[in-house]
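Student: Sharing a structure below in structure tokens format, with a few things to ask.
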């Protein structure tokens, strides 16, 4: 059993879309989970559907959504204070040192982050790279295992089959509840699934297929 | 935000003329454009808290979609595709253009105090 799991992603909602099922499984086993959330998604273009946020109110709205999603998932939350869309321009080593300090305090047995260069959004790639570097900088004896999540369309061809394939259909409702906490983001990907409970069985099966499995690569140092 | 009416917004713009102001200007089609459609391009730019002074400001449009231009001593600030506006925090003028799904595509914002950063 894991001792403590730390999830490191840059945006409010990455945790819910990317790993809510895996997180729920760990919580069910009684494993503490902490989310280190890099930014507040300040530069997101989804403003709710119909629109209820604007560029200046969005950060505070997304912060509240994030806190609510972490309550639903029953996990600890730390906000790292970087700014959306700028993580890749920060000094990689400084970010890695920042994360290393946090990891040494939390002392996790497992870290979940994005797979650098295969995670589509520049913030995903940059924070994933910094997290992997942070763990590399730790003493070998203290290093947690790292699971890296790829998102790019061609990642299975480039990276091969992920070695961690979590069937999270059992936690599907919990995952949807967490995703739907991020209401301001409902105009995009969420729009299609917002009413998943009213969907016909065929469409619902497609959503379950899309969100029912979470895949990761164990990082090799 | 509410749909732009030229008279209302022009009046707000005029209040910032010849003052030292902070401007946020932005355009984006999202970080996933070419992920969802491999024929699409990811394009975007933003400037936050440019500290400028303009001597003229004008909003122009056909009643649905608007353009705004700010004339500075040594240049211009311009935004196209604006649809909605609001006064935020009592004194910050926010102009934005949204697509039919309500996603922000362009923004031009002016304030006498810095935008949160």
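Chains as they are written, first to last, in the numbering used here: chain A, -18 to 202; chain B, 375 to 491. Ideal placement from N, C-alpha and C gives every residue a C-beta, glycine not left out.
1. Does the beta carbon of residue 94 of chain A sit closer than 9 angstroms to a beta carbon anywhere in chain B?
2. Could you list the residues in the segment -11 to 8 of chain A with a C-beta less than 9 angstroms from some C-beta on chain B, going in chain order?
3. Name, please, each residue of chain B whose Cβ falls closer than 8 angstroms to the Cβ of residue 103 of chain A.
4. With residue 420 of chain B as the anchor, note down where its beta strand (DSSP E) starts and where it stops.
5. Taking C-beta pairs closer than 8 angstroms, name the residues in chain A that residue 483 of chain B reaches, listed in chain order.
6. Which value, in whole angstroms, describes the spacing of the CA atoms of residue 402 of chain B and residue 27 of chain A?
7. Give the DSSP-derived three-state secondary structure of residue 195 of chain A in the structure shown.
8. Thinking residue 165 of chain A and residue 46 of chain A are a contact (beta carbons under 8 angstroms), I'd like their distance in whole angstroms, please.
9. Compare the C-alpha of residue 144 of chain A against each of A:155, A:94, A:110 and A:130 and name the closest.
10. Are the beta-carbon atoms belonging to residue 428 of chain B and residue 378 of chain B less than 9 angstroms from one another?
11. If you measure beta-carbon to beta-carbon, which residues of the segment 460 to 480 of chain B are closer than 9 angstroms to chain A?
12. For residue 483 of chain B, count neighbouring C-beta atoms within 10 Å of its own C-beta (all shown protein chains included) and say buried if the count is 16 or more, exposed if not.
13. Taking the alpha-carbon positions, what's the residue 43 of chain A to residue 90 of chain A distance?
14. At what residues does the alpha helix (DSSP H) containing residue -5 of chain A begin and finish?
15. Identify each residue in the segment 27 to 59 of chain A for which the Cβ-Cβ distance to at least one residue of chain B is less than 8 angstroms, and report them in chain order.
16. Using only alpha-carbon positions, find the residue among B:474, B:381, B:447 and B:446 that is nearest to residue 335 of chain B.
17. State the CB to CB distance for the pair residue 4 of chain A and residue 54 of chain A, rounded to an integer number of angstroms; the pair is presumed to be in contact (CB under 8 angstroms).
18. 9 angstroms is my cut-off, CB to CB: does residue 436 of chain B come that close to chain A?
19. Within 9 angstroms of any Cβ in chain B, is that where the Cβ of residue 132 of chain A sits?
20. Residues of chain A with CB under 8 angstroms from residue 402 of chain B, in chain order?
21. Are residue -15 of chain A and residue 18 of chain A closer than 9 angstroms when you measure CB to CB?
22. For residue 473 of chain B, which of B:398, B:456, B:443 and B:486 has the nearest alpha-carbon?
23. Residues of chain A with CB closer than 9 angstroms to the CB of residue 489 of chain B, please, in chain order.
24. Got a sec, what are the start and stop residues for the alpha helix (DSSP H) residue 91 of chain A sits in?
25. In chain A, which residues lie less than 8 angstroms from residue 375 of chain B when you measure between Cβ atoms?
26. What residue range is occupied by the uninterrupted alpha helix (DSSP H) comprising residue 154 of chain A?
27. Would you mind reading off the limits of the alpha helix (DSSP H) that contains residue 384 of chain B?
28. Measuring only the C-alpha atoms, how far is residue 480 of chain B from residue 38 of chain A?
29. Using the Cα positions of residue 155 of chain A and residue 64 of chain A, report the straight-line distance between them to the nearest angstrom.
30. Can you confirm whether residue 64 of chain A, when its beta carbon is compared against all beta carbons of chain B, has any partner nearer than 9 angstroms?
31. In the structure shown, what three-state DSSP assignment does residue 411 of chain B receive?
Tutor: Taking the geometry as given:
1. no
2. none
3. 405
4. 418 to 426
5. 36 and 37
6. 11 angstroms
7. strand
8. 6 angstroms
9. A:130
10. no
11. 460, 462, 463, 466, 468, 470, 472, 473, 475, 476, 477, 478 and 479
12. buried
13. 29 angstroms
14. -5 to 9
15. 27, 28, 29, 30, 31, 32, 35, 36, 37, 38 and 40
16. Chain B is shown only over 375 to 491; residue 335 of chain B falls outside these bounds and no answer can be derived.
17. 5 angstroms
18. no
19. yes
20. 24 and 26
21. no
22. B:456
23. 36 and 37
24. From DSSP, residue 91 of chain A is part of no alpha helix (DSSP H) but of the beta strand (DSSP E) over 91 to 95.
25. 32 and 35
26. 153 to 162
27. 380 to 388
28. 16 angstroms
29. 28 angstroms
30. yes
31. coil
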